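A quick write-up on the structure given underneath.
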Amino acid sequence: MKKYSTAALAAIAVASALTACDDSKSYAELLSEEDMYVNNFLCDQTIVLDIPADTVFECGPDAPYYRLDEDGMLYMQVIDPGTKGNKVETNEQIYFRYTRYDLAGYIDGELPAGEGNNISLNPCWFRYNNFQIQSSYNWGVGIQRPLVYLPVDCRVNIVIKSQMGPSGEQTDVQPYLWSLTYERRQ
7 MKKYSTAALA AIAVASALTA CDDSKSYAEL LSEEDMYVNN FLCDQTIVLD IPADTVFECG
67 PDAPYYRLDE DGMLYMQVID PGTKGNKVET NEQIYFRYTR YDLAGYIDGE LPAGEGNNIS
127 LNPCWFRYNN FQIQSSYNWG VGIQRPLVYL PVDCRVNIVI KSQMGPSGEQ TDVQPYLWSL
187 TYERRQ
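If you're matching positions, the sequence shown starts at 7 in our numbering and goes up one per residue.
Structural data, given as structure tokens:
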């Protein structure tokens with residue numbers, strides 16, 4: 007009787023696993039869905055495919071989104087260009103505030119409710135261009151990319167696809183629009 011119960015439980019477990027696999031989406035399907043969410047958002051924006059040679063970006067809430075990489079993983083809108091000459095240095099500790107919006111919830115020109123931090127209550131930071139440090143690695147490459155072109159005290163909106171996002175969320179294949187403000191801690 008005991009063998010029968012164990013075998014029955016094993017059969018149920020296998021059937022459940024197979025059913026779960028049938029209901030889930032493949033990674034390729036998730037990537038395709040992610041592209042659809044990003045394209046849905048970007049259709050309502052002005053897009054510039056090349057970064058200006060002089061890195062002087064149009065700024066403000068109506069500024070275009072600039073494609074930051076050839077693969078279309080990052081698109082940046084400059085809200086405030088920051089203070090000229092206030093460049094970041096490699097391995098410098100940078101604090102940031104953010105609100106991020108799940109682009110899967112972007113419908114009819116409206117962003118869903120955002121989530122984020124308040125630096126005085128929940129400081130977030132990374133070491134610029136140093137992904138050997140866990141805090142930098144955890145946040146992903148995408149949030150650091152604007153500092154390649156802009157000073158530390160800039161403010162940007164950036165579309166980040168999952169592969170360039172936080173490491174713990176890359177398997178979710180979920181794109182976000184991040185509203186970021188960078189600063190140094192005094």
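C-beta atoms are modelled at their ideal positions from N, C-alpha and C, and glycine is treated no differently.
Fair warning: this is a prediction, and the values are worked out from it, not measured in the lab.
If you compare alpha carbons, which of the options is closest to residue i?
i           : options               : result
residue 102 : 37, 157, 167 and 79   : 157
residue 121 : 129, 133 and 106      : 106
residue 70  : 130, 50 and 46        : 50
residue 34  : 189, 180, 188 and 191 : 180
residue 109 : 30, 32 and 178        : 178
residue 60  : 127, 168 and 90       : 90
residue 117 : 38, 189, 30 and 43    : 43
residue 104 : 31, 160 and 173       : 160
residue 188 : 175, 119, 100 and 96  : 100
residue 172 : 155, 191, 137 and 190 : 137
residue 174 : 190, 146 and 154      : 146
residue 84  : 68, 36 and 37         : 68
Checking the sheet assignment: what are the DSSP bridge partners for residue i?
i           : result
residue 72  : 54 and 82
residue 102 : 130 and 188
residue 116 : 113
residue 108 : 182
Locate the alpha helix (DSSP H) running through residue i, then write down its first and last residues.
i          : result
residue 37 : 33-48
Evaluate contact between the region 138-147 and the region 108-121, counting only Cβ atoms and requiring at least three cross-stretch pairs below 8 Å.
No: the two stretches stay apart, fewer than three of their Cβ pairs being nearer than 8 Å.
List, from N- to C-terminal side, the beta strand (DSSP E) runs of 3 residues or more that fit wholly inside the region 122-184.
Uninterrupted beta strand (DSSP E) stretches at least 3 residues long and entirely within the region 122-184 occur at 130-133 and 161-166, given in chain order.
Could you tell me whether the region 152-166 touches the region 180-187, where touching means 3 or more Cβ pairs closer than 8 Å?
Contact annotation: the region 152-166 touches the region 180-187, with at least three C-beta pairs closer than 8 Å.
The region 123-132 contacting the region 145-152, beta-carbon criterion three pairs below 8 Å:
Cβ pair count under 8 Å is three or more, so yes.
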